[in-house]
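Presented below is the structure to which this report refers.
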DNA sequence: CTGAAAGCGCTAACAC
DNA sequence: GTGTTAGCGCTTTCAG
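Protein chains in written order, with the working numbering: chain A, 1 to 361; chain B, 1 to 361.
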């Protein structure tokens, strides 16, 4: 690996001249010198060492990205968008960490980022407690969280970008209601986060609007263990069992996200129930997987690309010094993608002579 | 951020003493001094700056991980295992990059890694051409590739860790044959990689064993565009169409991977075909998603965790100087997970009086 | 316009 | 045993 010294020697100039061309201060430079330096750079295949540069400038073109588990397709999706945009727009690379929803792992990730000179982080946490994020900000980091802030009143030190989860759940729930469902359930996993509680509020709001608040319940599976997202099948089975044996079995289910909906489908099927004949199901996220499930999942599409870009922009634009221009940006999901997992509730279907054509053999 | 100087001052010792305790050279040190230094470190919340350290040592505890797209659940799965193991076992963080199967993006990722002082990389590439990897090795990197090497004869500069794709495909194909299938197809995407061609060889080998070589064809969809993996639904539809209109329609299909199998299921369903009644399907990978599909997918489970660990171990253990102790480690997948996507072929099913009970309405 | 020189925070000889 | 010191590769005043 050649150094700036080598280039300087090769071009017969001083290192600072080379440094100047490296940093674009070429305006007041003799053409010929510039050309010589550039030639030397090419000849020696010189690439400035980011590390040495950062030691001096205190900036390293690295973005931290913290996710519960990159094996979860939703986080994989977000991560891809974040990485691509950070790279193309800002020339940043991303340093990723799985936290398995563990407080300590999150904290340790921040420590390492700091040690690596990384000062910009995007956090997708399932932890309601944001104090460790605030602490990171105090230590000079710019942190952007993918969720609403917990305390809308207080000034937070961390930026927030999130989908309008309240609205997403409301849209999903209304869709079920529009199809005639009156016994509703919201399926989620143990552990409360802002996003989950907002979704539940949206679910309840839609139920209340329709005078169905009494018939809208929340069922909870899990929790997701350290293996997290691959265990979704079991959680779905759990939940399916819960719902099937409920005295007044719900007919329309809003799942906290697409993966849960997929797990639920599997669980329901194991219990001998068919979607949408016996139960209707709507998800939220809009994963590409929802399009190829059987039945294809009706879901609320979140604007993932836009949110990812907004997070990167926030992380890059803000100055770490001031905790001032911190904000919250909420993206409203507007698109409900209708596919096959929602139909009329069983009773209505029967009355209309559509359902129970094929009995469970 | 406090520095080693601050700590030295606080503990009233010299920086080298502090450096010594930081690097575990505490054996020939007075208890009391050690205690004082440690106290100072805690008091000042001192964390050594990795960058400065690396500038000196030429080593940075970062592992590069290059994947076609982290949104692909299989790569997400591998990435999670790699990250977790690298972190827990070696204290390394991982720097990730999506290459979208693009030669230039891969090259540019390597450039950046080099500039960041990263010298160890795990590459999951869909590019058959390995020259850019060799070049990276020449520049002092340790690179481990997730695939067989292209030229088993020649000495390669890059390490290889891979599943036994030949065997995996053979197991999958034999399973179909054992169920009575005689018209076989292998479903893949455009673009040839070592892993794909090995799978095809395994497929053909199993067919030949059973004297079915004549009835074993390869169908190809795609290619995966830059959005890659989210487009799998369309590819599946394509392929389904191809197979349905083939003059002698295959009854047993081996999919190049689970995602392809899932896409194919959706495509087949759209064409009015039912799995496994009309067609049997087996995947390879063992994604958690295969367990919750409908029907649940029969698949060959790859030892992902073991392979991820082997890759990390290789990347960490090898010395960058010598391109000598390079090797190839092939993991044999032994487990076929039987689920619901394989049944007898339609003709046999009819003869046995099991199938076509419910006609396509 | 270009060069010399002082560090950024840490490590590792080499002295004492 | 502990302190001094010379860099790692680069940026950035500050002279010339």
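Here a beta-carbon is modelled for each residue, glycine too, at the ideal position from N, C-alpha and C.
Whole angstroms are fine: how far does the CA of residue j sit from the CA of residue i?
i                      : j                      : result
residue 322 of chain B : residue 157 of chain A : Residue placement at residue 322 of chain B cannot be trusted, given a pLDDT of 49 that sits under 50; what the coordinates show is reported in the next sentence. Taking the straight line from one Cα to the other gives about 49 Å.
residue 361 of chain B : residue 273 of chain B : Its pLDDT being 33, under 50, residue 361 of chain B is placed unreliably by the model, and the measurement read from it follows with that caveat. Approximately 11 Å, taken between the alpha carbons.
residue 335 of chain A : residue 164 of chain A : 12 Å
residue 43 of chain B  : residue 143 of chain A : 25 Å
residue 199 of chain B : residue 327 of chain B : 21 Å
residue 94 of chain A  : residue 103 of chain B : 19 Å
residue 189 of chain A : residue 282 of chain A : 16 Å
residue 116 of chain A : residue 69 of chain B  : 25 Å
residue 175 of chain A : residue 314 of chain A : 34 Å
residue 248 of chain A : residue 303 of chain A : 35 Å
residue 91 of chain B  : residue 41 of chain B  : 20 Å
residue 85 of chain A  : residue 97 of chain B  : 11 Å
residue 52 of chain A  : residue 88 of chain A  : 23 Å
residue 362 of chain A : residue 243 of chain A : This structure does not reach residue 362 of chain A, given that chain A is present from 1 up to 361, and the question cannot be answered.
residue 114 of chain A : residue 3 of chain B   : 13 Å
residue 111 of chain A : residue 30 of chain A  : 45 Å
residue 235 of chain B : residue 259 of chain B : 10 Å
residue 251 of chain B : residue 162 of chain A : 46 Å
residue 203 of chain B : residue 265 of chain B : 20 Å
residue 306 of chain B : residue 47 of chain B  : 33 Å
residue 312 of chain A : residue 149 of chain B : 37 Å
residue 147 of chain B : residue 160 of chain B : 6 Å
residue 101 of chain A : residue 193 of chain A : 11 Å
Considering only DSSP beta bridges, list what residue i is partnered with.
i                      : result
residue 146 of chain B : B:161
residue 337 of chain A : A:299
residue 280 of chain A : A:252
residue 375 of chain B : Because chain B spans 1 through 361 in this model, residue 375 of chain B falls outside it and cannot be assessed.
residue 331 of chain B : B:163
residue 216 of chain A : A:184
residue 285 of chain B : B:301
residue 221 of chain A : A:189
So is residue i buried or exposed if we call it buried at 16+ other beta carbons inside 10 Å?
i                      : result
residue 28 of chain B  : exposed
residue 71 of chain B  : buried
residue 123 of chain A : buried
residue 50 of chain B  : buried
residue 23 of chain B  : exposed
residue 56 of chain A  : exposed
residue 129 of chain A : exposed
residue 60 of chain A  : buried
residue 45 of chain B  : exposed
residue 310 of chain A : buried
residue 267 of chain B : buried
residue 11 of chain B  : buried
residue 145 of chain A : buried
residue 223 of chain B : exposed
residue 347 of chain B : exposed
residue 5 of chain A   : exposed
residue 14 of chain A  : exposed
Locate the alpha helix (DSSP H) running through residue i, then write down its first and last residues.
i                      : result
residue 17 of chain A  : 15-22
residue 135 of chain B : 131-138
residue 312 of chain B : 304-317
residue 258 of chain A : 258-270
residue 243 of chain B : 232-244
residue 103 of chain B : 103-115
residue 33 of chain A  : 31-44
residue 11 of chain A  : 4-11
residue 52 of chain A  : 50-57
Along the chain, where does the beta strand (DSSP E) that runs through residue i open and close?
i                      : result
residue 190 of chain A : Taken as a continuous stretch (DSSP letters only), residue 190 of chain A belongs to no beta strand (DSSP E), as it is neither H nor E.
residue 96 of chain A  : 93-98
residue 71 of chain A  : First-last for residue 71 of chain A: undefined, no H or E at that position.
For a test of your reading of the model: does the CB of residue i fall under 8 Å from any non-hydrogen atom of the ligand COA? Yes or no.
i                      : result
residue 210 of chain B : With respect to the ligand COA, the structure shown offers nothing to examine, as it has no ligands at all.
How do the segment 176-190 of chain B and the segment 210-217 of chain B stand: do at least 3 beta-carbon pairs fall below 8 Å, yes or no?
Contact between the segment 176-190 of chain B and the segment 210-217 of chain B is present: 3 or more CB-CB pairs across the two stretches fall below 8 Å.
Specify whether the segment 125-134 of chain B and the segment 293-308 of chain B touch according to this definition: at least 3 beta carbon pairs, one from each stretch, less than 8 Å apart.
No, because fewer than three Cβ pairs between the segment 125-134 of chain B and the segment 293-308 of chain B fall closer than 8 Å, the two stretches do not touch.
Are the segment 194-208 of chain A and the segment 265-279 of chain A in contact at 8 Å, needing three or more beta carbon pairs?
With contact defined as three or more Cβ pairs closer than 8 Å, the segment 194-208 of chain A and the segment 265-279 of chain A are not in contact.
Under 8 Å: do the segment 283-290 of chain A and the segment 71-82 of chain A share three or more Cβ pairs, one atom per stretch?
Short answer: they touch.
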